[in-house]
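Asks: Pasting a structure below so you can have a look.
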Amino acid sequence: MLKHLATFLFLIVISFTACCQRVSIIPQPVSVKEGKGDFVISQKTIISAIDKEDVKSANFFNDYLFKIYGFKLPVNKQKSGKFIEISTRKSTRAPATDRYTLTVTPNAIRLVGDTYNASFYGIQSLIQLLPVQVSSSLAVPAVTIVDSPRFAYRGMHLDVGRHFFPVSFVKKYIDYIALHKMNYFHWHLTEDQGWRMEIKKYPKLTEIGACRNGTIIGHHPGIGNDSIRYCGFYTQDEIKEVVKYATDRRITVIPEIEMPGHAEAALTSYPFLGCPGTGPYQVQQGWGVFNNVFCAGKDSTFQFIQDVLDEVLTLFPSQYIHIGGDESPKTNWKICPRCQARIKEQGLKDEHELQSYFIQRIEKYLNGKGRQIIGWDEILEGGLAPNATVMSWRGEEGGIAAAKQNHKVIMTPATYVYFDHSQVQKEDSLHIGGYLPLEKVYSYEPVPKELNEEQGKYVLGAQANVWTEYMPYESKIEYMVFPRMSALSEVLWSPKEARNWSNFQPRLQNQFKRYDLWKANYSKAFLEGKDK
Ligand code: ACM
Ligand code: ZN
31 MLKHLATFLF
41 LIVISFTACC
51 QRVSIIPQPV
61 SVKEGKGDFV
71 ISQKTIISAI
81 DKEDVKSANF
91 FNDYLFKIYG
101 FKLPVNKQKS
111 GKFIEISTRK
121 STRAPATDRY
131 TLTVTPNAIR
141 LVGDTYNASF
151 YGIQSLIQLL
161 PVQVSSSLAV
171 PAVTIVDSPR
181 FAYRGMHLDV
191 GRHFFPVSFV
201 KKYIDYIALH
211 KMNYFHWHLT
221 EDQGWRMEIK
231 KYPKLTEIGA
241 CRNGTIIGHH
251 PGIGNDSIRY
261 CGFYTQDEIK
271 EVVKYATDRR
281 ITVIPEIEMP
291 GHAEAALTSY
301 PFLGCPGTGP
311 YQVQQGWGVF
321 NNVFCAGKDS
331 TFQFIQDVLD
341 EVLTLFPSQY
351 IHIGGDESPK
361 TNWKICPRCQ
371 ARIKEQGLKD
381 EHELQSYFIQ
391 RIEKYLNGKG
401 RQIIGWDEIL
411 EGGLAPNATV
421 MSWRGEEGGI
431 AAAKQNHKVI
441 MTPATYVYFD
451 HSQVQKEDSL
461 HIGGYLPLEK
471 VYSYEPVPKE
481 LNEEQGKYVL
491 GAQANVWTEY
501 MPYESKIEYM
511 VFPRMSALSE
521 VLWSPKEARN
531 WSNFQPRLQN
541 QFKRYDLWKA
551 NYSKAFLEGK
561 DK
């Protein structure tokens, strides 16, 4: 009883603080100086933007206004009356810092970015200065904000293999990423349970590999199978559309093509890709790790992967291509004459070195095309490919080891940023397991203390992973990512010293109102004090 009373009083205090805070932005900006009075946006307010890229930022703002408040503003090259001016300095200072300054006075809103990205981030802050009540005249509090991100890599991942999500939802997810000033979308496109990307040279990948004949019911290993055929893939035109949509929002899409494991949908489509004597293969209907992986002994496997990657490269301009590398059992390789012959021919010690050979061969191919690979931390085993970036997921150790070898690192440790874990101790809905409350996400420090200052610079940032075994529909994804995504955005954007849990909580109260405006689903575990 006492505990409930304490929670109740606490919620009253933070709601009160939230109601009276004029500026409530997540992630917390570097510097906020509140002024006097308001700038009132009405339907006559003009947005002045000259540069084509600044017009894109203006359009994002306008689309938001229209969606939430039901009106748009004229975008002009001139300034007149009361106006919102968006401009970019195109700073030649190296490296560009993505810094913006947003100044609101009763007569004008001026946003100046050092880069186009920065101006776009300034728009996200402006959006968070808008009232959370729908109205046709919007009071924006006077303020001067000077702001720039702490980390260069601020990512969200989405697994569309276990469950498929249409382009309309992928775009919505990209908007959520943009609204949180994040800049990478890691699109996990291939899995044991479905190959989700059209490849013109290998049509069976989607004719066969994009469908499974059922899905287990309940938690792995399941209490039955629904026997419902489940299909889905993106055409190359749809992928182009998504990449453009993301690019307009200053987000890089990193495609992930999994190898050598998590590839059974590909093997089912083209059985020659597996080790001789293994199979038959099936597009999997349950979850977990499967033994049927690409054969590392056949040159035809590498030819296939290179052909696939050639098409991937035409669609994704990203410097980084994610090649997976996780959870690849060596069972088949141990009994495969072709894989064993490869080990011998290359003078490799064991199957771990064979995996390293596999990844290095693909890295060499992609480097030759001017791209860089990212792999899950298993790519450290058997020797790291020379230029690889490591995504550390089995805790922080992989990231620490890679940074100590002067390799770039993106931190995604399951203990802090796996959003498939529950946000409440006793979660009613099906989820993978694990407990990751909001406060734990908020407490995450991406640069491990084991690294010295030089080594710490190899940590580009962090990312939350959203594996969808137990997220079969869109509102479940929203429920799993919100509000944890808001906490992560602050971890990644705000200065380390600015991170403050008691200061974050009242701002989060406002953020919940924004989720409502977006009609997004979210977990109320924190809001209702149920996540302790
Ligand atoms: C992973 O969660 N298997 C990268
Ligand atoms: Zn083999």
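Just so we're aligned, residue 31 is where the sequence shown starts under the numbering used here, counting upward by one. Every residue, glycine too, gets a C-beta built ideally from N, C-alpha and C.
On the criterion of 16 or more Cβ atoms from any shown chain inside 10 Å, does Trp-217 qualify as buried, or is it exposed?
Replies: Buried, since its Cβ has 16 or more Cβ neighbours within 10 Å.
Asks: Using only the alpha-carbon positions, how far apart do Trp-363 and Trp-317 sit?
Replies: Approximately 22 Å, taken between the alpha carbons.
Asks: Have a look at His-249 and Ser-459 and give me their C-alpha separation to the nearest angstrom.
Replies: Going from the Cα of His-249 to the Cα of Ser-459 covers about 10 Å.
Asks: Spatial neighbours of Glu-529 within its chain, please: C-beta separation below 6 Å, excluding the five flanking residues on both sides.
Replies: For clarity, residue 529 is Arg in the given sequence; the question names Glu instead. Answer for Arg-529: no residue qualifies.
Asks: According to the Cβ coordinates, are Asn-321 and Gly-304 closer than 7 Å?
Replies: Result no, Cβ atoms of Asn-321 and Gly-304 do not sit closer than 7 Å.
Asks: Examine the ligand ZN and report whether any of its heavy atoms sits within less than 6 Å of the Cβ of Arg-368.
Replies: Checking the Cβ of Arg-368 against the ligand ZN gives yes.
Asks: When you measure from the CB of Gly-327 to every non-hydrogen atom of the ligand ZN, does any distance come out below 6 Å?
Replies: Within the cutoff, so yes.
Asks: To the nearest angstrom, report how far apart Phe-40 and Arg-544 are at their CA atoms.
Replies: Unreliable positioning characterises Phe-40 in this predicted model, as indicated by a pLDDT of 49, which lies under 50. The coordinate reading is nonetheless provided below. C-alpha separation (whole angstroms): 21 Å.
Asks: Our contact map puts Ala-432 next to Leu-414 with C-beta atoms below 8 Å; I'd like the distance itself, whole angstroms only.
Replies: Rounded, the Cβ-Cβ distance is 7 Å, consistent with contact.
Asks: Can you name the residues that DSSP bridges to Gly-405?
Replies: DSSP output for Gly-405 lists Val-420 as bridge partner(s).
Asks: Quick check on DSSP: helix, strand or coil for Lys-369?
Replies: Here residue 369 turns out to be Cys, not Lys, going by the sequence shown. In this structure, Cys-369 counts as helix in the three-state DSSP scheme.
Asks: Give the list of continuous beta strand (DSSP E) stretches no shorter than 3 residues that lie fully inside the stretch 106-145.
Replies: 113-118, 130-134 and 138-143, all fully within the stretch 106-145.
Asks: Which word fits Glu-508, buried or exposed, when buried means at least 16 other C-beta atoms lie within 10 angstroms of its C-beta?
Replies: Glu-508 is buried by the Cβ-count criterion.
Asks: Could you give the distance in angstroms between the alpha-carbon of Val-170 and the alpha-carbon of Leu-160?
Replies: Val-170 and Leu-160: Cα-Cα distance of roughly 6 Å.
Asks: Since Cys-241 sits in a beta bridge, which residues does DSSP pair it with?
Replies: Paired residue(s): Cys-261.
Asks: Run the proximity test for Trp-423: is its beta-carbon closer than 6 Å to any non-hydrogen atom belonging to the ligand ACM?
Replies: It does: the Cβ of Trp-423 is within 6 Å (strictly closer) of some heavy atom of the ligand ACM.
Asks: Counting only the same chain and skipping the five closest in sequence on each side, list residues whose C-beta sits under 8 Å from that of Ile-80.
Replies: So the qualifying residues of the chain are Lys-107 and Ser-117.
Asks: Cutting at 8 Å between CB atoms, please list the residues of its own chain near Tyr-311, excluding the five before and the five after it.
Replies: Excluding sequence neighbours, Tyr-311 sits near Glu-294, Leu-297, Thr-298, Pro-301, Gly-304 and Asn-322.
Asks: I'd like to know whether the C-beta of Thr-344 is nearer than 7 Å to at least one C-beta of chain B.
Replies: The structure shown has no chain B; it contains just one protein chain.
Asks: When the Cβ atoms of the stretch 514-526 are set against those of the stretch 170-183, are three or more pairs found closer than 8 Å?
Replies: Because the criterion of three Cβ pairs below 8 Å is met, the stretch 514-526 and the stretch 170-183 touch.
Asks: Can the beta-carbon of Gly-412 be found closer than 7 Å to that of Gly-355?
Replies: No; because the gap between Cβ atoms is not below 7 Å, this pair is not in contact.
Asks: Any idea if Trp-531 is buried or exposed, counting beta-carbon neighbours within 10 angstroms, 16 or more meaning buried?
Replies: Exposed, since its Cβ has fewer than 16 Cβ neighbours within 10 Å.
Asks: Mind listing, in chain order, the continuous beta strand (DSSP E) runs of no fewer than 3 residues lying wholly within the stretch 275-336?
Replies: Qualifying beta strand (DSSP E) stretches, in chain order: 282-289.
Asks: When burial is assigned at 16 or more other CB atoms within 10 Å of the CB, is Ser-166 buried or exposed?
Replies: When all chains shown are included, Ser-166 counts as exposed.
Asks: Can you find a heavy atom of the ligand COA that lies under 6 Å from the Cβ of Trp-523?
Replies: Summarising the ligand content, the structure contains the ligand ACM and the ligand ZN and does not contain the ligand COA.
Asks: Compute every distance between the C-beta of Trp-217 and the non-hydrogen atoms of the ligand ACM, then say whether any falls below 6 Å.
Replies: Because no heavy atom of the ligand ACM lies under 6 Å away, the Cβ of Trp-217 does not count as near it: no.
Asks: Relative to the C-alpha of Phe-101, which candidate in Glu-504, Lys-66, Arg-259 and Phe-90 has its C-alpha closest?
Replies: With distances taken between Cα atoms, Phe-101 lies closest to Phe-90.
Asks: Starting from Phe-512, follow its DSSP beta bridges and name the residues at the other end.
Replies: DSSP lists no partner for Phe-512.
Asks: Heavy atom of the ligand ACM less than 6 Å from the Cβ of Glu-221, yes or no?
Replies: Checking every heavy atom of the ligand ACM against the Cβ of Glu-221, none is found closer than 6 Å.
Asks: In this structure, how does DSSP classify Val-338 when only helix, strand and coil are distinguished?
Replies: Of the three classes helix, strand and coil, the one that applies to Val-338 here is helix, per DSSP.
Asks: Tell me the start and end of each unbroken beta strand (DSSP E) in the stretch 487-541 that is at least 3 residues and wholly inside, in chain order.
Replies: Here the runs fully enclosed are 489-494.
Asks: If you follow the beta strand (DSSP E) that Lys-63 is part of, which residue opens it and which one closes it?
Replies: Here the beta strand (DSSP E) through Lys-63 covers 61-71.
Asks: May I have the straight-line CA-CA distance separating Arg-280 from Lys-120, to the nearest angstrom?
Replies: Roughly 15 Å separates the two Cα atoms.
Asks: Below 6 Å CB to CB, which residues in the same chain sit around Lys-560 once its five sequence neighbours on both sides are set aside?
Replies: Here the set comprises Val-454.
Asks: Below 8 Å CB to CB, which residues in the same chain sit around Arg-391 once its five sequence neighbours on both sides are set aside?
Replies: These residues qualify, in order along the chain: Phe-332.
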